[in-house]
Amino acid sequence: MDMKASKKKLGLKERYAHLTRGLDWETSYQKMDDVFPFDKFEGIKIHDWDKWEDPFRLTMDAYWKYQAEKERKLYAIIDAFQQNNGHLGITDARYVNALKLFITGISPLEYMAHRGFTHVGRHFRGVGPRVACQMQAIDEIRHSQTQIHSMSNYNRHYNGMHDFKNMIEKVWYLSVPRSFFDDAVTAGPFEFMIAIGFSFEYVLTNLLFVPFISGAAFNGDMGATTFGFSAQSDEARHMTLGLECIKFMLEQDPDNLPIVQKWIDKWTWRGVRVLSLVGMMMDYMLPKRVMSWQEAWEIYFEQNGGALFKDLARYGITIPKCVEQVTKDKEHISHQVWSTFYQYGGVAAFHTWMPSDEEMDWLSAKYPNTFDKYYRPRFTYWREQEAQGKRFYNNSLPMLCQTCQIPLVFTEPDDPTKIAYRESDYQGEKYHFCSDGCKEIFDNEPEKYVQAWLPVHQIYQGHCFKPDVDPTAPGFDPLAAVLDWYNLVDGQDNKDFNGSEDQRNFAAWRGMATRND
Amino acid sequence: MPVVALKPYQGEVKDRQENFHGNQLLYVGWEDHLMFCAPLCFMLPPDLRFGDLPEQILPGAYGAHPDWARVDWSEARWFRSGRPWQPDFDKTLAENGLGHKEVLRFQTPGLTGIAGSCS
Numbered sequence: 064m065d066m067k068a069s070k071k072k073l074g075l076k077e078r079y080a081h082l083t084r085g086l087d088w089e090t091s092y093q094k095m096d097d098v099f100p101f102d103k104f105e106g107i108k109i110h111d112w113d114k115w116e117d118p119f120r121l122t123m124d125a126y127w128k129y130q131a132e133k134e135r136k137l138y139a140i141i142d143a144f145q146q147n148n149g150h151l152g153i154t155d156a157r158y159v160n161a162l163k164l165f166i167t168g169i170s171p172l173e174y175m176a177h178r179g180f181t182h183v184g185r186h187f188r189g190v191g192p193r194v195a196c197q198m199q200a201i202d203e204i205r206h207s208q209t210q211i212h213s214m215s216n217y218n219r220h221y222n223g224m225h226d227f228k229n230m231i232e233k234v235w236y237l238s239v240p241r242s243f244f245d246d247a248v249t250a251g252p253f254e255f256m257i258a259i260g261f262s263f264e265y266v267l268t269n270l271l272f273v274p275f276i277s278g279a280a281f282n283g284d285m286g287a288t289t290f291g292f293s294a295q296s297d298e299a300r301h302m303t304l305g306l307e308c309i310k311f312m313l314e315q316d317p318d319n320l321p322i323v324q325k326w327i328d329k330w331t332w333r334g335v336r337v338l339s340l341v342g343m344m345m346d347y348m349l350p351k352r353v354m355s356w357q358e359a360w361e362i363y364f365e366q367n368g369g370a371l372f373k374d375l376a377r378y379g380i381t382i383p384k385c386v387e388q389v390t391k392d393k394e395h396i397s398h399q400v401w402s403t404f405y406q407y408g409g410v411a412a413f414h415t416w417m418p419s420d421e422e423m424d425w426l427s428a429k430y431p432n433t434f435d436k437y438y439r440p441r442f443t444y445w446r447e448q449e450a451q452g453k454r455f456y457n458n459s460l461p462m463l464c465q466t467c468q469i470p471l472v473f474t475e476p477d478d479p480t481k482i483a484y485r486e487s488d489y490q491g492e493k494y495h496f497c498s499d500g501c502k503e504i505f506d507n508e509p510e511k512y513v514q515a516w517l518p519v520h521q522i523y524q525g526h527c528f529k530p531d532v533d534p535t536a537p538g539f540d541p542l543a544a545v546l547d548w549y550n551l552v553d554g555q556d557n558k559d560f561n562g563s564e565d566q567r568n569f570a571a572w573r574g575m576a577t578r579n580d
Numbered sequence: 029m030p031v032v033a034l035k036p037y038q039g040e041v042k043d044r045q046e047n048f049h050g051n052q053l054l055y056v057g058w059e060d061h062l063m064f065c066a067p068l069c070f071m072l073p074p075d076l077r078f079g080d081l082p083e084q085i086l087p088g089a090y091g092a093h094p095d096w097a098r099v100d101w102s103e104a105r106w107f108r109s110g111r112p113w114q115p116d117f118d119k120t121l122a123e124n125g126l127g128h129k130e131v132l133r134f135q136t137p138g139l140t141g142i143a144g145s146c147s
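Going line by line, the protein sequences match chains A and B. Taking the working numbering, the leading residue of the first sequence gets 64, the next gets one more, and so forth. Taking the working numbering, the leading residue of the second sequence gets 29, the next gets one more, and so forth.
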């Protein structure tokens with residue numbers, strides 16, 4: 064290769080240029096379209112891949128050096144936290160249930176993001192985006208590993224975290240985050256970049272990481288705080304990559320705009336639905352509150368996201384059409400989702416509970432328009448029932464949305480007393496949805512979503528029992544068989560926090576750490 | 029276009045009626061009673077007498093609600109896919125025209141949930 068060696072050492076910018084320009088060639092024995100079969104079928108037109116500008120220009124040697132430094136700090140802190148029984152310094156063992164949701168519902172997504180970026184890091188025709196996606200693929204697997212490592216300490220002491228790899232493929236509510244990523248990684252590479260690189264990383268990750276990690280810090284969890292900070296510096300890079308990708312598509316050809324807009328609308332809505340889990344975590348699962356879900360939404364989505372969409376307006380991008388609805392929904396979703404887990408807590412890998420008086424007052428103050436009117440009466444009734452030994456569990460299976468797979472728990476945007484029902488007919492079958500957003504996603508690509516693995520229907524079809532189970536045997540208990548298939552122990556991993564082994568152990572261990580009896 | 033894909037394909041419809049062992053799915057929601065967070069999904073034989081639904085099946089599902097004991101079925105209003113609909117209690121689901129994955133709602137006038145909150 065002819066390369067002028069004008070200087071002894073190349074600067075970072077030059078090294079990056081050599082890494083991402085001029086290394087590829089036009090193939091002659093094979094057609095380029097056969098070498099890169101995935102980057103045209105979505106209809107995105109790219110005329111000049113060299114116009115790709117990676118704002119970080121990261122090379123492997125620099126990347127390795129930065130990450131190694133962060134890794135050393137992270138593991139030193141995790142070790143110290145473990146050796147000092149740091150888990151006994153958290154506010155309250157209820158907090159650990161947020162970690163259970165995280166390890167079962169979020170960390171596996173980091174791994175799926177790794178797989179997705181590895182895939183697109185192979186299939187873009189241009190070297191620049193390929194290199195950037197490969198770097199991000201390494202980040203993503205690192206995030207999943209560091210999360211698993213720092214939470215494994217809790218797994219030694221608390222129930223429900225013992226089998227997250229198995230649970231993400233089986234447990235009903237985990238099909239919500241799982242189907243989100245399955246949808247993204249089975250799309251083409253450009254849609255994946257909008258789904259994960261833009262909507263998830265740019266528009267929504269802040270809502271996941273910033274409140275969660277502040278929540279961890281507020282509740283005394285140094286382990287999770289540290290992996291959060293360690294990951295957050297990567298996220299800044301990922302967000303910039305997602306934004307660059309979107310600008311690149313829009314600058315390359317005007318025909319790309321309607322396709323990109325449709326993906327932004329779709330993936331913002333899909334992300335909003337998944338984030339309802341985070342809303343519940345913030346408003347109900349952190350014993351020491353950081354801010355309400357509504358407040359977080361206003362700062363990170365409405366203000367920050369709003370500024371982003373203003374920036375994209377010059378390309379013709381408009382604000383996702385779901386924004387009007389989510390602005391109304393933000394006062395409701397966390398209460399509706401916590402109600403759901405409370406009543407289906409018998410089949411969850413974490414504990415649920417009713418808020419205390421003080422916590423209900425906090426919720427009233429944060430949600431003056433909605434909490435006392437729609438949710439406090441329900442919660443008060445449930446607390447009375449629990450006090451009488453009749454803790455409420457819903458014993459029937461719920462109706463699920465074909466797209467987001469969440470039970471139909473969300474109400475009409477303009478009437479919080481009515482469940483929102485939507486349906487479509489496709490090739491003689493009926494399909495049901497929780498919202499206009501989910502229905503529209505289905506209607507655009509029905510062949511994709513007719514394949515949805517809906518946990519409730521799968522249970523009825525008999526696919527959620529261990530192979531040696533006979534559902535026709537006398538006295539067959541389907542709930543027990545499903546829990547067994549999930550690898551959940553009834554009375555230990557599930558149900559109410561009050562009376563749980565976690566609650567008893569935490570009280571006993573903290574007692575030993577602070578008293579001499 | 030039914031799917032954006034590399035080449036044409038047909039998705040496997042996971043929830044065809046034949047996958048439910050001779051039964052069909054029926055979704056039921058009780059209006060103004062959001063203590064039950066979502067409509068319920070039942071797997072029922074098509075030859076079930078419709079009246080067995082409110083008389084035999086729903087009490088096990090909704091009986092924990094303080095309003096349940098006050099439900100008067102002669103007053104109840106039914107909706108099928110959101111439109112007013114009148115079931116014949118003595119006919120079967122199939123004879124009532126209910127197919128696989130139909131959604132019914134019922135409203136019980138005068139009952140508006142815990143402390144009138146539609147819970």
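All C-beta atoms, glycine included, are put in the ideal place defined by N, C-alpha and C. Just so it is clear, the structure is predicted and the values come from calculations on it, not from any experiment.
Taking DSSP as the reference, what is the three-state secondary structure of Y494/A? strand
Check this for me: beta carbons of N160/A and F413/A, under 8 Å apart or not? yes
Of the residues that make up the segment 178 to 208 of chain A, which ones have a beta carbon closer than 9 Å to any beta carbon in chain B? none
Residues in the same chain with beta-carbon distance under 7 Å from I257/A, minus the five sequence neighbours each way, listed in chain order, please. I309, V323, W326, I327 and W330
So, at 7 Å on beta carbons, what are the nonlocal neighbours of N457/A in its own chain, with the 5 sequence-adjacent residues on each side left out? Q406 and Y407
Kindly say whether V99/B, judged by its beta-carbon, lies nearer than 8 Å to any beta-carbon of chain A. no
C-beta atoms of M198/A and L121/A nearer than 8 Å: yes
From the beta carbon of E508/A, is the nearest beta carbon of chain B less than 8 Å away? yes
Would you say R241/A reaches chain B, if we count a Cβ-Cβ gap shorter than 8 Å as a contact? no
Kindly give me the distance between the Cβ atoms of M417/A and W445/A, rounded to whole angstroms, as I take these residues to be in contact under 8 Å. 6 Å
Give me the Cα-Cα distance between G538/A and R333/A, rounded to the nearest whole angstrom. 40 Å
Proximity winner among Q388/A, Q130/A and V386/A, relative to R205/A (alpha-carbon distances): Q130/A
Could you tell me which residues DSSP puts in a beta bridge with E130/B? L54/B
Using the C-alpha atoms, what's the distance from Q357/A back to E394/A? 6 Å
In chain order, what residues of the segment 128 to 142 of chain B put their CB closer than 9 Å to some CB of chain A? H128, K129, E130, V131, R133, T140, G141 and I142
For A515/A, return the contacting residues in chain B, with the cut-off set at a CB-CB distance below 7 Å. K42
Can you check whether the C-beta of G39/B is within less than 8 Å of a C-beta belonging to chain A? yes
Residues that Q524/A contacts on chain B, provided the C-beta gap is smaller than 7 Å: N47 and F48
Select from the segment 68 to 85 of chain B all residues with a C-beta closer than 8 Å to any C-beta belonging to chain A, and list them in chain order. L68, C69, F70 and M71
Looking only at its chain, what residues have a beta carbon closer than 8 Å to the beta carbon of E314/A, apart from the 5 residues adjacent to it on each side? K114 and Y378
Counting pairs of beta carbons, one from the segment 161 to 180 of chain A and one from the segment 241 to 255 of chain A, are three or more of them closer than 8 Å? yes
So which of G562/A, Y158/A and N319/A has the shortest CA-CA distance to A450/A? G562/A
According to DSSP, simplified to helix, strand and coil, what is P461/A? strand
How about P461/A: is its C-beta nearer than 8 Å to some C-beta of chain B? yes
Top-ranked residue by Cα proximity to F255/A, from A156/A, W112/A, I107/A and L371/A: I107/A
From which residue to which residue does the beta strand (DSSP E) around R111/B run? R111 to W113
What residues in its chain sit with their C-beta under 8 Å from that of W113/B, if we drop five residues either side in the sequence? W106, F107 and L132
Using 8 Å as the threshold, is the segment 289 to 299 of chain A in touch with the segment 358 to 370 of chain A, meaning 3 or more CB pairs across them? no
Given a cut-off of 8 Å, decide if S487/A and F588/A are closer than it, judged by their beta-carbon atoms. Residue 588/A is absent from the structure shown; chain A starts at 64 and stops at 580.
Assign Q451/A to one of three DSSP states: helix, strand, or coil. coil
What residues match up with T120/B in a beta bridge as DSSP calls it? R77/B
Could you give the residue range of the beta strand (DSSP E) that holds M71/B? L68 to L72
Give every residue of the same chain whose Cβ lies closer than 6 Å to the Cβ of D226/A, excluding the five residues on either side of it in the sequence, and list them in chain order. N550
By how many angstroms is the C-alpha of Y221/A removed from the C-alpha of Y126/A? 36 Å
Residue closest to L542/A, alpha-carbon to alpha-carbon, out of F560/A, K76/A, N269/A and V519/A: V519/A
Against chain A, does G57/B count as a neighbour if the rule is that its beta carbon must be under 8 Å from one of theirs? yes
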